[in-house]
Amino acid sequence: MNFPVGEMRLKRYFVRFDNYYIMKYCPECGKSLASETARFCENCGAKLSNATPSDQPIVVITPEEKNPVLAAVCSLFVPGFGQVYDGKMARGFAIFIGTVIGLICLIVPGIIIWLFGVYDAYSLAKKMNNNEIPFIPTKTAHLIIYIVLVVIISVIVFAILALIALATFASHETALTPSAIPTMTLPPFFTP
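Final position of the sequence shown in the UniProt record's numbering is 192; the numbers increase by one with none missing.
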């Protein structure tokens, strides 16, 4: 049996039949079988027949797919979030940090990194759907962890920027007070 790269995860429990995936399971206890060539059920010990896939009850499983547009939109609203949706948390986090640093230093590099992230999320999802790269399922825990980290980092960055702005404003304000303006005093022999 020949499975494409993206379908390797299905090989263990499913048999491909007529462009569908059929789950092999024990007809006695219903437990899924670890091998398509097993002669006995590992769970109940029942003898398994050598029935062809058409003789067995069929459970149709369609392979998972990523939505490339959803991945791109996620990255558009939160830089790197589309990569996390595609299962690449470290890559998404790197794009988020790159975007933040790029936006703080110079706006244009941040926007370029952000737009690259949108394109990258879209193309990753397309490649997974076309079996060009291995499929990575979306993990809800990774999505939640990523959002929490983004919120924490955003709060820290905005707090630092606010403190810098406040310190800059305060230093300019004290420079304009009357006590901070240098005065010129005349030497005693010039006094009338």
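Each residue gets a CB set at the ideal place from its N, CA and C atoms; glycine is no exception. These numbers were taken from a predicted model, which means no experiment stands behind them.
Using three-state DSSP, classify Phe93 as helix, strand or coil. helix
Rounded to the nearest angstrom, what separates Val78 and Trp114 at their Cα positions? 9 angstroms
Assign Lys88 to one of three DSSP states: helix, strand, or coil. coil
Look at the alpha carbon of Gly102 and the alpha carbon of Val155, and state the distance between them as a whole number of angstroms. 17 angstroms
Work out the CA separation of Glu42 and Pro137 for me, nearest whole Å. 28 angstroms
Quick check: the Cα distance between residue 199 and Leu124, rounded to an integer number of angstroms? In the structure displayed, the chain extends from 1 to 192; residue 199 sits before or after that span and is not available.
Are the beta-carbon atoms of Glu28 and Asn129 separated by less than 7 angstroms? no
So what does Phe40 bridge to, in DSSP terms? Lys47
For Cys44, does the count of other Cβ atoms within 10 angstroms reach 16, so buried, or fall short, so exposed? exposed
How many angstroms separate the CA atom of Ser171 from the CA atom of Leu161? 15 angstroms
Identified DSSP bridge partners for Ser75: For Ser75, which the question treats as bridged, DSSP gives no partner whatsoever.
State yes or no: is the C-beta of Val84 within less than 7 angstroms of the C-beta of Tyr146? yes
Please report the straight-line C-alpha distance between Gly92 and Gly82, rounded to a whole angstrom. 7 angstroms
Label Gly87 either buried or exposed according to how many other C-beta atoms from any shown protein chain fall within 10 Å of its C-beta, with 16 as the threshold for buried. buried
Between Ala94 and Phe116, what straight-line distance do the alpha-carbon atoms span, to the nearest angstrom? 12 angstroms
Shortest alpha-carbon distance to Val118 belongs to which of Met89, Phe169, Pro68, Pro109? Pro68
Look at the alpha carbon of Ile152 and the alpha carbon of His142, and state the distance between them as a whole number of angstroms. 15 angstroms
Please confirm whether Phe40 and Lys31 have their CB atoms less than 7 angstroms apart. no
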